[in-house]
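Read the structure below first, then the notes.
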Amino acid sequence: MKKMDKHHQDHPTYGVLQMQDYLLAQGLRVNPKRVRRLMRKAQIIAQYPKRNLSKLGLSDYIYPYLLRNLDVDHPNQVWEIDITYIPMDRGFMYLTAIIDVYSRFIVGWGLHNSLHGENVIEVLDGAIDEHGVPGIINSDQGSQFTSPAWVNRLNELGISISMDGRGRATDNIYIERFWRTLKQDYVYPFPAENGTTLWKGIRWFVNHYNKEKTHQGVGRRTPESVFRLSA
């Protein structure tokens, strides 16, 4: 799955058959059914042009995308949350992270060995305890974010719910950029041996990203400096 995840970062529109062709070229004999199962397990979804949600038969827990043309001008106005697959030397884990859109500051994260819905609520509650309640949270339409537990928790807190168009990772672009940076700068060059090593490495990287890495999109300042000074 590590090869698949890395290839998806470079070619986000590739679906099952294109991914199979890539793996076959790498000398890995896999059929489409296995590729589809592995892509699902690794949360790899091909990114296609936006479709009309009303034709997809989605549940009552799907919400509209609120960020288009929105002027984001202060911290805690909009957060983005997502889950990604993180490979290790042996096995893998799932990383949930929340980014503040205005400052690019990572306000919360959590590492888990499952995709249980309570994991994202735990990360959310930790971020809110430390940094306060955001106005809007944007996510994809994954099962963790369309569950009654997640939607009810956000409604209890008075947070407006925004969701990407199906298959539109560009709607959640800031957390997607963080995933790319994390994987290119840390995960792939320095594969963790186990969960403990990975947790320590992610903690180091998030600290580095927040406090030391400057971002052109926020005036070549660090996310923490923008988040703290503007809060």
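Residue numbers (the UniProt record's numbering): 1 to 231. We put the beta carbon where it would ideally sit given N, CA and C, even for glycine. Predicted model, so just to flag it, every value in this text is computed and none were measured.
{"Item": "Backbone secondary structure at Met88 - three-state DSSP", "Value": "coil"}
{"Item": "Cα-Cα separation, Gln216 to Lys183", "Value": "19 Å"}
{"Item": "Backbone secondary structure at Arg177 - three-state DSSP", "Value": "helix"}
{"Item": "Extent of the continuous alpha helix (DSSP H) to which His131 belongs", "Value": "117-131"}
{"Item": "Contact test: Val123 Cβ vs the ligand ATP heavy atom, cutoff 7 Å", "Value": "The ligand ATP is not part of this structure, which contains no ligands at all."}
{"Item": "8 Å Cβ cutoff met for Ile159 and Ile137", "Value": "yes"}
{"Item": "Residues bridged to His112 (per DSSP)", "Value": "Tyr94"}
{"Item": "Spatial distance of Arg221 from Phe178 (CA atoms)", "Value": "16 Å"}
{"Item": "Straight-line gap, Ile81 to Ser139 (C-alpha atoms, nearest Å)", "Value": "5 Å"}
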